[in-house]
Every structure is written in structure tokens, then in C-alpha cells.
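Report on the structure given below.
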Amino acid sequence: MSPLPSPRAERLGGPPSVPALVRTRVRAALRRAARAARPTRPTLPTLEETEARALLLRLMSLLLQYPDADLAATRPVLISTVVALPPSPAAEHLTAFTAWFAEQEPEALERHYVEMFDLRRKSSLYLTYYLHGDTRRRGMALLTLNQRYRAAGWDIDGGELPDHLPVVLEFAALAGPGRGEAPLRQHRRGIELIHRALTDADSPYRHVIAALIALLPPPTEADLRAVAELAAEGPPNEVVGLDPYGAGEFAPPGAFVPPEQAPPTLVPPAAHRHEDR
């Protein structure tokens with residue numbers, strides 16, 4: 005067996021030693037691994053993909069609104085639009101919902117909606133409730149959300165709070181996947197809890213929430229733990245203070261917001277009253 009070349013021989017251009025070969029190959033492997041792990045820029049969606057996503061979000065917004073006479077009149081158009089959607093997990097969930105939606109009498113649909121969304125805390129459509137509960141922080145969150153809408157050039161009409169899920173979905177459809185869907189991502193845990201509550205109640209509305217979840221990033225382990233805690237303990241409650249909603253315009257339906265007190269009436273001093281006599 006021939007002896008291994010000395011380091012001096014390597015410097016003079018001789019054949020590399022085995023340790024040198026190993027070091028070289030290890031460095032090359034590390035460089036390849038670093039290149040493979042280097043984050044790549046996300047592929048931007050095409051115009052067609054953005055429009056298809058916006059249509060899905062708009063349909064969810066409409067289907068989660070209170071089924072009054074106006075919405076009942078648009079049922080045929082909504083159902084035909086869902087049927088014509090390109091195949092996707094979200095479209096499959098919406099198709100499952102509209103199969104039930106199409107068969108319901110208006111009065112039965114209204115009763116079911118009220119029972120699911122107005123009478124149950126764990127399936128309320130007011131998203132900031134799950135994050136902040138009945139606390140003063142919720143009032144600030146509502147104000148911040150409304151400011152986000154106005155900064156994007158969109159003013160809410162219809163009298164709903166800015167955190168009502170149909171409102172948030174409409175904004176997402178109008179403003180796009182970036183800033184438009186940011187409130188949905190922020191309230192991911194609340195959306196998961198709504199889906200869990202509707203599933204436990206065997207409500208067909210669970211399919212609409214499942215369609216939304218199909219468009220969002222998958223939940224983390226921390227998200228799932230937080231949802232389990234919310235389901236077991238409920239949102240936080242205010243310990244001190246009377247008005248958790250801040251300005252009265254952001255109070256949810258049925259919440260008591262005390263009126264502003266009039267300034268006190270000033271009574272002139274007794275000495276002045278005697279002088280006037």
C-alpha cells in the first residue's frame with residue numbers, strides 16, 4: 005500500500021489525501037443542502053386563479069348571510085353558480101351545502117340559521133368574540149378592522165359589525181389574497197371553532213365553513229390546542245369595566261351601551277343668588 009501524500013505535497017499540486025477528499029465532498033454536500041433549503045419565492049397566482057378564489061369567497065359570504073326574502077330570491081342563481089365552479093375541495097363543500105339549501109322552505113331555513121348562529125355562542129359569526137371575548141380589547145379590534153376596510157377604500161354598509169364573517173369574506177373577495185384575506189388568517193382559530201360547533205350540531209352550514217378552511221393555510225399544533233381550549237373554556241371575559249365594546253357603533257345586537265351623560269347643570273353660588281334679589 006502506498007503511503008498517503010503529505011499536506012506539503014497537496015499544496016505543491018500532488019494528489020489529494022483521503023481526509024482532504026472527504027472534507028471536499030462534505031463541503032460540496034453541505035452547499036447542495038443549503039441551496040435546496042434556500043427559500044424560493046412563492047409563485048404568484050394567475051389572474052384566473054385570483055378571480056376563481058374571489059368568486060368562492062363571495063359565494064361563501066352570500067351563503068352565510070341571514071336567509072331573508074332577498075337572499076331567497078337569489079337562490080337559483082347562487083346554486084347554478086356553485087354547480088358551474090371548477091373542481092376543487094372548496095367547490096365540493098359548497099355543492100354539498102347547496103344540495104340541502106335548495107330543498108329548504110324559507111321559514112325552516114330562517115329558523116335553522118337563527119338556531120345555529122344567533123343562539124349558540126360557539127358558532128357565532130362574530131370573529132373577534134373568539135379572540136377577545138366580551139372585553140375592551142374586542143372594541144379596539146373592531147375599530148382596527150373597520151380602519152383596515154376604510155384604508156382599502158371600502159366602507160361597510162348594511163349595519164353589520166366589521167367582524168361578521170360574511171363581511172370579512174366580502175372584503176377578502178374584493179381586496180385579494182394578501183391584505184384582503186389577512187383578517188381570515190388572523191381569526192383562523194375562531195373559524196375552526198365555528199366549524200367544530202356546526203359539525204357537532206350536524207348543521208349543513210358546516211360545509212360552507214369547510215370550504216373556507218380549504219382555502220386557508222393548514223392549522224398549526226398551537227392552533228389546534230387553542231381551539232380545544234376555546235371549546236372547553238370559552239372566550240375570555242371582562243373582569244373590570246362596563247363597556248367592553250368601546251364606541252356604541254361597534255356593539256353587537258342586543259348589547260347594552262349606556263348613553264352619554266349630559267353635562268351637569270351649574271348652580272350659581274348662594275351669594276350671587278342673594279345679590280339678584
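Numbered by my numbering, the letters in the sequence shown go through residues 5 to 281 in order. Where is the CB? At the ideal position from N, CA and C, for every residue including glycine. Please read all numbers here as calculations on a predicted model, not as lab measurements.
- With distances taken between CA atoms, phenylalanine 105 lies nearest to Ser84 out of Leu131, Ser84 and His136.
- As far as DSSP is concerned, asparagine 150 takes part in no beta bridge.
- Around the beta carbon of glycine 163, fewer than 16 other beta carbons sit within 10 angstroms, so the residue counts as exposed.
- Only residues of its own chain outside the window of five on either side were considered, and among them Met120 have a CB closer than 6 Å to the CB of serine 207, listed in chain order.
- Rounded to whole angstroms, the separation of the alpha carbons of asparagine 241 and leucine 61 is 31 Å.
- Straight-line spacing of the CA atoms in threonine 102 and glycine 137 works out to 32 Å.
- Assignment of beta-bridge partners to tyrosine 130 by DSSP yields His168.
- Within the model, the alpha-carbon separation for alanine 215 versus arginine 140 is close to 32 Å.
- According to the DSSP secondary-structure assignment, aspartate 138 is paired through a beta bridge with Asn241.
- The beta carbons of histidine 97 and alanine 218 sit about 7 Å from each other, so the pair counts as a contact at 8 Å.
- The Cβ atoms of leucine 220 and arginine 189 lie closer than 8 Å to each other.
- Under the rule that a run must span 4 or more residues, the alpha helix (DSSP H) segments found entirely inside the region 158-238 read 169-179, 186-190, 192-204, 210-219 and 225-237.
- The residue from Leu59, Leu48 and Tyr117 with its alpha-carbon nearest to that of leucine 75 is Tyr117.
- Where glutamate 96 is concerned, the enclosing alpha helix (DSSP H) starts and stops at 93-105.
- For leucine 135 against glycine 194, the beta-carbon gap comes to about 6 Å, under 8 Å, which counts as contact.
- Here glutamate 196 has Ile217, Pro223, Asp227, Leu228 and Val231 as same chain residues with Cβ atoms under 8 Å from its own Cβ, once five neighbours each way along the sequence are excluded.
- Between leucine 82 and leucine 63, the gap from beta carbon to beta carbon is short of 8 Å.
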